[in-house]
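First to last, the sequence lines map onto chains A and B.
Just so we're aligned: the first sequence equals residues 219 to 412 in the numbering used here.
Just so we're aligned: the second sequence equals residues 219 to 412 in the numbering used here.
Yeah, the Cβ is synthetic: ideal placement off N, Cα and C, and Gly gets one too.
Protein chains: 2
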Amino acid sequence: MFMENNTAVRIREMAHDLIADRGYFGFSYADIAETVGIRKASIHHHFPSKVDLVVATLKEYRAKLAEAAGGLDQSIADPLQRIKLYVQYWAECVKSNSRPICIAALLSAELPALPEQIQAEVQLHFKYLVSWIRTTLKEGARNGSVHLEQSAEVEAQSFVALVHGAMISARALGSPEIFSSITKGALERFQPER
Amino acid sequence: MFMENNTAVRIREMAHDLIADRGYFGFSYADIAETVGIRKASIHHHFPSKVDLVVATLKEYRAKLAEAAGGLDQSIADPLQRIKLYVQYWAECVKSNSRPICIAALLSAELPALPEQIQAEVQLHFKYLVSWIRTTLKEGARNGSVHLEQSAEVEAQSFVALVHGAMISARALGSPEIFSSITKGALERFQPER
DNA sequence: ATCAGACTACCTACTAGTAGGCGTGGATGC
DNA sequence: GCATCCACGCCTACTAGTAGGTAGTCTGAT
Numbered sequence: 219m220f221m222e223n224n225t226a227v228r229i230r231e232m233a234h235d236l237i238a239d240r241g242y243f244g245f246s247y248a249d250i251a252e253t254v255g256i257r258k259a260s261i262h263h264h265f266p267s268k269v270d271l272v273v274a275t276l277k278e279y280r281a282k283l284a285e286a287a288g289g290l291d292q293s294i295a296d297p298l299q300r301i302k303l304y305v306q307y308w309a310e311c312v313k314s315n316s317r318p319i320c321i322a323a324l325l326s327a328e329l330p331a332l333p334e335q336i337q338a339e340v341q342l343h344f345k346y347l348v349s350w351i352r353t354t355l356k357e358g359a360r361n362g363s364v365h366l367e368q369s370a371e372v373e374a375q376s377f378v379a380l381v382h383g384a385m386i387s388a389r390a391l392g393s394p395e396i397f398s399s400i401t402k403g404a405l406e407r408f409q410p411e412r
Numbered sequence: 219m220f221m222e223n224n225t226a227v228r229i230r231e232m233a234h235d236l237i238a239d240r241g242y243f244g245f246s247y248a249d250i251a252e253t254v255g256i257r258k259a260s261i262h263h264h265f266p267s268k269v270d271l272v273v274a275t276l277k278e279y280r281a282k283l284a285e286a287a288g289g290l291d292q293s294i295a296d297p298l299q300r301i302k303l304y305v306q307y308w309a310e311c312v313k314s315n316s317r318p319i320c321i322a323a324l325l326s327a328e329l330p331a332l333p334e335q336i337q338a339e340v341q342l343h344f345k346y347l348v349s350w351i352r353t354t355l356k357e358g359a360r361n362g363s364v365h366l367e368q369s370a371e372v373e374a375q376s377f378v379a380l381v382h383g384a385m386i387s388a389r390a391l392g393s394p395e396i397f398s399s400i401t402k403g404a405l406e407r408f409q410p411e412r
């Protein structure tokens, strides 16, 4: 049967929560064991090492992103609207304080100290995200629904950086509204006729 | 005599290096002891607890920022030029990989897991930085040397977020140039006549 | 004589990870 | 139909190593 192991999923989800809260070094198998309601050693049965667990968490995270992005590409005709929905998703995460930060961005901050396999996954996430934004912006620029002042590549890089920075500022200042007000301005700048 | 304790300074500087590399949970007194050439226990003589050390490091960091910002305010007439020099400072840090990330931004990522005193220091840093950028942008807007599309507050918040996000993207992608290309665009947008 | 600043030696708590046992449940052989 | 098997999930009990922190001692300069 292909029924995915339920406990493994719960462990991975808990790992995601904890990483979003504290980063790689800030959580332990003991933390996960407690909240999942399992013993420490049992986690090793599903994920032999902490690196395995975090790599799996990042792979799943990227798969979910790809799935969501693909869904938007298919169901929303207007490219700018797709990006607005992406921002709106994060605005809600920030507001409700549920995983209010991109774990790839968080792990990138700690990057030099992380095991190589995790570094590689983090880099893949950034590459995928920037590439999706770039492609979407390009499509919008082509059909005139998006206005770009610089190359699509630089605009995409800037947008990703702004969104991640906004998450961090919102966390630092304890103010979810800051995320919204920062990203609102960036989205307006993409509007063609002003 | 007011000659500040040399060892304490070296410990603090090393702490800064290590935090910029790995974050709060990623370094230990043992790491510092090794590189400073002192025993672990001796660090406790200067900084009784890890919290004390990190708070002191953040206070010094903020003092240095205030000193540099004040210096720019006095010696550089053009507000936009002051901000350009601020960005240039970071561009060089990123390029040379010496403390290539703002430790307040990095610690903000791990914020929920940090001791309260450290959270407070991180928040103070953000408040000071945003306030300096806001004041500087406002001055530029008043004398016509800076063009703002939104309120100075939102523009300042956005700019700080963009710079921090750019540091993180540069780290994730292992490419210092990304920091420069992202920030270049943001600075151009402040230019009044285009 | 004092005292800052370093030391040795130690503590407890926690880390990731391992060894090996136990029970369940589904597949297999007869 | 029934006994056997065995993989799986989870467990207890443990390891070596490291974390931050403490107690008490030595030393050298004022």
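For residue i, I'd like the list of residues in its chain whose CB is within less than 7 Å of its CB, leaving aside the five on either flank, ordered along the chain.
i, result
"B:A274", "R230 and F265"
"B:G244", "none"
"A:L332", "Y242 and L325"
"B:R317", "H234, D235, A238 and C311"
"B:W350", "A287"
"B:A404", "F377 and L380"
"A:F408", "L298, V364 and H365"
"A:P394", "V312, K313 and A388"
"B:R352", "A370, E371 and A374"
"B:S398", "A309"
Please confirm whether residue i has its beta-carbon closer than 8 Å to some beta-carbon of chain A.
i, result
"B:E334", "no"
"B:S399", "yes"
"B:S326", "yes"
"B:S243", "The question names Ser, but residue 243 of chain B in the sequence shown is Phe. Cβ-Cβ to chain A under 8 Å: yes for B:F243."
"B:F220", "The predicted position of B:F220 is uncertain, since its pLDDT is 39 and thus under 50; no value can be drawn from it."
"B:I319", "yes"
"B:H382", "yes"
"B:R240", "yes"
"B:L391", "yes"
"B:A491", "This structure leaves residue 491 of chain B out entirely; chain B is present only between 219 and 412."
"B:A338", "no"
"B:V312", "no"
"B:Q341", "yes"
"B:V372", "yes"
"B:Q299", "no"
"B:F265", "no"
"B:Q375", "yes"
Leaving out five residues on either side along the sequence, give the residues of the same chain with a beta carbon under 6 Å from the beta carbon of residue i.
i, result
"B:I237", "I321"
"A:M219", "With a pLDDT of only 35 at A:M219, under 50, the local geometry of the prediction cannot be trusted, and no value is derived from it."
"A:R228", "V254"
"B:V305", "T401"
"A:E373", "L355 and L366"
"A:M232", "I250, T253 and V254"
"A:Y307", "none"
"B:Y247", "K258 and I261"
Could one say the Cβ of residue i lies closer than 8 Å to chain B's Cβ atoms, at least one of them?
i, result
"A:V305", "no"
"A:M387", "Here residue 387 of chain A is Ser; the residue named in the question, Met, does not match the sequence. Closer than 8 Å: yes."
"A:I396", "yes"
"A:P410", "no"
"A:V378", "yes"
"A:A331", "yes"
"A:E231", "no"
"A:G403", "yes"
"A:A323", "yes"
"A:Q292", "no"
Determine whether the beta carbon atoms of residue i and residue j lie at a separation below 8 Å.
i, j, result
"A:L391", "A:A370", "no"
"B:R280", "B:H234", "no"
"A:P330", "A:S363", "no"
"A:Y346", "A:L283", "yes"
"A:V269", "A:Q337", "no"
"A:I301", "A:R389", "no"
"B:K277", "B:E328", "no"
"B:V348", "B:Q375", "yes"
For residue i, which residues in the same chain have their Cβ closer than 8 Å to its Cβ, ignoring the five residues on either side in sequence?
i, result
"A:A251", "R257, K258, S260 and I261"
"A:I396", "A384, S387 and A388"
"A:A323", "H382, M385 and I386"
Does the structure place the region 349-361 of chain B close enough to the region 285-299 of chain B that three or more beta carbon pairs sit under 8 Å?
yes
Looking at C-beta atoms only, is the number of pairs between the region 377-390 of chain A and the region 311-321 of chain A that lie closer than 8 Å three or more?
yes
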